[in-house]
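Trainee: Encoded as structure tokens, here's the structure I'll be asking about.
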Amino acid sequence: MSRILVLYDTHSGNTRAMAEAVAEGAGSVAGTGVTLRHVDKAQPSDLLEHDGIAVGSPTWCGVMTWKLKKFFDEAICTWGKVEDKVGCAFSSSGGLGGGSEMTCLSILNVMLNYGLLVFGLTEYSAPGVTAHYGAVAIGEPDGDELAACRLLGLKLVRHVQRVKGEQ
Ligand SMILES: Cc1cc2nc3c(=O)[nH]c(=O)nc-3n(C[C@H](O)[C@H](O)[C@H](O)COP(=O)(O)O)c2cc1C
């Protein structure tokens, strides 16, 4: 059984729509338990209790929201206890070139510090749409962007299974 946490922040719902698609993709693999959690409801123990962690944020000034950064700062009690879990990122920005990939990298940066194994996608969910640094969307995610989110969730489970020696 793989346990996946999809942790997100959102203000106008765009990143939540992406989070739901990531959760759907992860949940499409039999034997996977998925927790979809807004950062306001998240506890540091959530990091301990899951094998794979997808974190999504609106792009705010090119990085994750302060709420997500605060969560990871306050979850430092779990530092050193979450190594070998698998992590990935996703973000919705206001515009093309607005910093969504940098926001994904800001999330992956924290994950690396925590010792998580992080990944991006090589696949294209549609012509011209990929998620090399995590899934991205401009504003409300369209069908192709949601497909990338679902693929990200699916790959998260596959990588967790590999790390756990289940595949
Ligand atoms: C405080 C703040 C900072 C923002 N900074 C950026 C930015 O740097 N680049 C950008 O493209 N959009 C920026 N935006 C727009 C949001 O990233 C965009 O509207 C996003 O789709 C919101 O996602 P949400 O619906 O999950 O809150 C910003 C919005 C706010 C409120």
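In the numbering used here, the protein residues as written are 10 to 176. A virtual CB, placed ideally from N, CA and C, is assigned to each residue, including glycine.
Taking just the CA atoms, how far does A63 sit from G108?
Mentor: Spanning the two alpha carbons is a distance of roughly 18 Å.
Trainee: Please classify T112: does DSSP put it in a helix, a strand, or coil?
Mentor: Here T112 sits in helix by DSSP.
Trainee: According to DSSP, is H20 part of a helix, a strand, or is it coil?
Mentor: Residue state, collapsed to three classes: coil.
Trainee: Helix or strand or just coil, what does DSSP make of P67?
Mentor: DSSP places P67 in strand when its eight states are reduced to three.
Trainee: Nearer than 7 Å: is that true of the beta carbon of R25 relative to any heavy atom of ligand 1?
Mentor: Result yes, Cβ under 7 Å from ligand 1.
Trainee: Measure how close the beta-carbons of V31 and V15 come, nearest whole angstrom, since I'm counting them as under 8 Å.
Mentor: The Cβ separation is near 5 Å, so the contact holds.
Trainee: Which residue comes first and which comes last in the alpha helix (DSSP H) that contains L165?
Mentor: L165 -> alpha helix (DSSP H) spans 152-172.
Trainee: Do three or more CB pairs link the stretch 116-125 to the stretch 93-103 at distances below 8 Å?
Mentor: Counting Cβ pairs under 8 Å, three or more are found: they touch.
Trainee: State the Cα-Cα distance for the pair A156 and E83, rounded to the nearest angstrom.
Mentor: Taking the straight line from one Cα to the other gives about 32 Å.
Trainee: Just to confirm before moving on: does the CB-CB distance between T44 and T112 stay below 8 Å?
Mentor: No, the pair does not count as a contact, with Cβ atoms beyond the cut-off.
Trainee: What's the C-alpha gap between G129 and I85?
Mentor: In a straight line, the C-alpha of G129 is about 24 Å away from that of I85.
Trainee: Taking only the alpha-carbon atoms, compute the straight-line gap between K90 and V166 and give it to the nearest angstrom.
Mentor: Using only the alpha carbons, I get a separation of about 20 Å.
Trainee: At a cut-off of 7 Å, would you count W88 as near ligand 1, judging by its Cβ distance to the nearest heavy atom?
Mentor: No, the beta carbon of W88 sits no closer than 7 Å to any heavy atom of ligand 1.
Trainee: Is DSSP giving A98 helix, strand or coil here?
Mentor: Reduced to three states, the DSSP call for A98 is strand.
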